[in-house]
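Keeping their order, the protein sequence lines are chains A and B.
Straight run, no breaks: the first sequence in numbering that gives the first Met the number 0 ends on number 74.
Straight run, no breaks: the second sequence in numbering that gives the first Met the number 0 ends on number 405.
We treat Cβ as the ideally placed atom computed from N, Cα and C, and that holds for glycine.
Note that the structure is predicted; figures quoted are calculated from it, not measured.
Here's the structure we're looking at; comments come further down.
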Amino acid sequence: MTALRQLGEEEGVAWVLRILEGGKRMDTREIEEATKSAGFACPDSTARFLSGLRSRGVIAGELVIARKTWVWWKP
Amino acid sequence: MLTVEEVRADCPILKRFAYLDSGATTLTPLPVIQAMSEYLANFGVNVERSAYRLAQEASEQWDQARRDAARLLLGCPPEELIFTRNCTEGINVVANGLLNHVPWRKGDEIVGTTLEHHANELPWMRLARQAGVKYRMIAPAGCIIAPSDFESIGPETRVVAFQHVSNVLGSEHPVRDIIREVRRRAPDAFVMLDGSQGPGHLKFNVADLGCDAYSFSGHKGPLGPPGSGGLWLSREHVESFEPLILGGGVVANVTETDYALRAGSKRFEAGTPNTPGLIGLGRAARYVGEEIGIEHVHKREQELTKYLLSEIEKVEGVETYGDPDLKHRVGTVSFNLEGWRATDLALAVDEMQGVLVRAGHHCAMPLARRMGVEDDYGGTVRASFHYYNTFDECDRLVRAVKELAG
């Protein structure tokens with residue numbers, strides 16, 4: 000069983016906004032790694048959770064084919 | 000027979016997207032939506048409660064939906080079909096019933112396979128805990144479960160629960176042969192089939208499969224609405240199983256201290272049912288079973304699978320999963336692209352081409368780990384079909400994946 004603590008919905012939003020502070024742009028894998036390193040897991044699969052936040056306008060995201068991922072930031 | 004174009008016209012979402020996620024939920028055609036809407040507008044009173052004429056008519060529509068779903072999706076009499084919310088609920092009904100039904104002994108076991116999705120794992124893990132026995136998964140040698148995979152079971156095996164069709168790999172397993180082997184090695188075992196990807200994709204008669212129970216969702220192959228489903232339970236178990244939920248509609252008598260349940264499958268359907276949804280399931284059964292024809296659905300899905308596999312495998316860096324022999328494959332193509340997390344890729348093909356595919360572990364974490372796709376990809380990307388899909392939609396997916404491959 001995983002030792003990661005799954006964040007609740009509100010905690011997850013706060014966490015993502017915190018790690019994207021200061022105009023930081025991070026890709027999905029980087030956010031996933033940062034979350035894991037802190038001992039957490041997103042409330043959903045990371046990309047699906049981030050995509051949901053993007054749909055709600057909480058964060059912005061764009062496809063970066065050269066990096067084979069999506070990059071996310073606070074608008 | 001309805002043409003692909005006619006069915007597409009009945010599914011307006013297809014005008015906006017290339018919908019390749021029918022393994023999760025199929026689209027609900029307009030005639031099904033219309034049947035639900037008309038039921039609610041003209042008959043929407045409670046069923047099996049009041050005696051007035053409108054209630055009788057509503058009950059008759061509900062019973063007709065059961066007759067249609069039983070006949071067209073499972074080839075069984077309506078008395079053997081329990082209406083549920085989905086496949087998951089049906090499996091939970093069975094696991095709950097078995098807790099008190101089986102004379103559990105020390106050393107007994109419940110057996111599943113590593114190909115199952117969570118709906119056919121968690122209820123058995125819990126039952127094993129409750130009964131004080133072991134749950135274990137056998138690991139099939141390939142993508143198709145073979146009778147020989149069950150050589151380790153024996154008289155101590157009290158339940159065997161496995162799938163008809165894999166939601167990740169699209170494998171259609173030889174269930175009759177497997178069950179024959181299970182019966183030979185474990186004559187007293189109860190055999191549960193998870194049919195979440197069976198009805199509406201495959202034409203069969205449930206009693207011929209040899210299982211004791213078969214659970215399915217209305218919102219997958221049958222083209223019914225979400226929140227509708229069914230459980231087939233062999234007649235000997237209908238009367239002997241304790242229902243999961245008790246309440247109004249399931250009783251023959253209630254005293255101040257006890258109750259007696261009514262006879263038949265409706266004893267499992269306590270409370271006011273999702274009547275419009277189940278009316279929709281009945282209409283969907285006629286739509287897919289009579290107006291399209293399930294054999295045509297199956298043929299179309301095999302053609303689409305063959306085409307997509309042949310095209311996507313040409314893209315450098317793509318790895319596909321599943322049995323290469325398409326004879327035993329049902330409308331599902333799982334793949335990954337080197338360097339891409341599966342969910343990132345799924346979001347990308349939506350953004351680029353409006354192609355909707357599912358990505359991740361598909362509610363089958365043990366399988367994703369066993370396939371070795373969890374760490375590098377976070378699962379797989381899955382394109383899954385129904386009759387309404389086109390070769391052009393496959394091309395749109397392949398074009399996007401090609402572009403992403405660089």
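- For the beta strand (DSSP E) assignment, the uninterrupted runs of no fewer than 3 residues enclosed by the segment 291 to 322 of chain B are, from N- to C-terminal side, 317 to 320.
- A direct Cα-to-Cα measurement between B/Pro275 and B/Ala206 gives close to 28 angstroms.
- Taking 7 angstroms as the cut-off, the beta carbon of B/Ser264 is found no closer than this to the beta carbon of B/Gly22.
- Using a Cβ-Cβ cut-off of 9 angstroms, B/Trp339 is close to Lys67, Thr68 of chain A, given in chain order.
- Listed in chain order, the positions of the segment 30 to 56 of chain A with a beta carbon within less than 7 angstroms of a beta carbon of chain B are Ser44, Ala46, Arg47, Ser50.
- The contact set of A/Ile64 on chain B, defined by CB atoms closer than 8 angstroms, consists of Ala347, Glu402, Leu403, Gly405 in chain order.
- Between A/Leu16 and A/Trp72, the CB-CB gap reaches or exceeds 7 angstroms.
- Beta-bridge pairing by DSSP links B/Gln162 to B/Asp193.
- In the DSSP annotation of this structure, the continuous segment of the alpha helix (DSSP H) that includes B/Met364 starts and ends at 364 to 370.
- Going by DSSP, A/Trp71 is part of the beta strand (DSSP E) stretching over 68 to 72.
- Cα atoms of A/Phe48 and A/Val63: separation of roughly 18 angstroms, rounded to the nearest angstrom.
- The three-state secondary structure of B/Tyr386, taken from DSSP, is coil.
- When DSSP reads this structure, B/Phe215 sits in a beta bridge with B/Gly229.
- With 16 or more other Cβ atoms from the protein chains shown falling within 10 Å of its own Cβ, B/Pro224 counts as buried.
- B/Asp374 is outside the set of residues whose beta carbon lies under 7 angstroms from a beta carbon in chain A.
- Non-local beta-carbon contacts of A/Met25 in its own chain, meaning distances under 8 angstroms to residues more than five positions away in sequence, involve Ile18, Leu19, Ala33, Val70, Trp71, Trp72 in chain order.
- Taking CB atoms only, B/Gly359 has a neighbour in chain A less than 7 angstroms away.
- Secondary-structure assignment with DSSP links B/Glu268 through no beta bridge to anything.
- Look at B/Val380 here: in three-state DSSP terms it is strand.
- If one requires a minimum length of 3 residues, the beta strand (DSSP E) runs lying completely within the segment 105 to 167 of chain B are 108 to 112, 133 to 137, 156 to 162, in chain order.
- If you check each beta-carbon in the segment 15 to 28 of chain B against every beta-carbon of chain A, none falls closer than 9 angstroms.
- The segment 167 to 176 of chain B makes contact with the segment 326 to 336 of chain B: 3 or more CB pairs, one atom from each, lie closer than 8 angstroms.
- Counted as a single uninterrupted DSSP element, the beta strand (DSSP E) harbouring B/Leu80 occupies residues 80 to 83.
- Inter-residue distance for B/Asn85 and B/Gly229 is about 7 angstroms (C-alpha atoms, whole angstroms).
- Counting only Cβ-Cβ distances below 7 angstroms, A/Arg4 has no contacts in chain B at all, with the closest Cβ about 18 angstroms away.
- For B/Asn204, there is no enclosing alpha helix (DSSP H), as DSSP marks it with neither H nor E.
- For B/Glu120, the closest Cβ of chain A is not nearer than 7 angstroms.
- Counting every other CB atom within 10 Å of its CB across the protein chains shown gives B/Pro186 a total below 16, marking it as exposed.
- Using a 10 angstroms sphere on the CB of B/Ile291, the tally of other CB atoms reaches 16 or more, which defines it as buried.
- About 6 angstroms separates the Cβ atoms of B/Ile144 and B/Thr112, confirming a contact at the 8 angstroms cut-off.
- Under the Cβ distance rule, B/Thr342 counts among the residues neighbouring chain A, one pair being separated by less than 7 angstroms.
- Using a Cβ-Cβ cut-off of 7 angstroms, A/Arg28 is close to Arg340 of chain B, given in chain order.
- The beta carbons of B/Ala8 and B/Gly281 sit about 22 angstroms from each other, so the pair does not count as a contact at 8 angstroms.
- Under the three-state reduction of DSSP, A/Ser36 is assigned to helix.
- Bounds of any alpha helix (DSSP H) do not take in B/Asn335; it lies within the beta strand (DSSP E) bounded by 331 to 336.
- Between B/Asp375 and the set B/Glu37, B/Glu337, B/His385, B/Leu403, the nearest pair of CA atoms involves B/Glu337.
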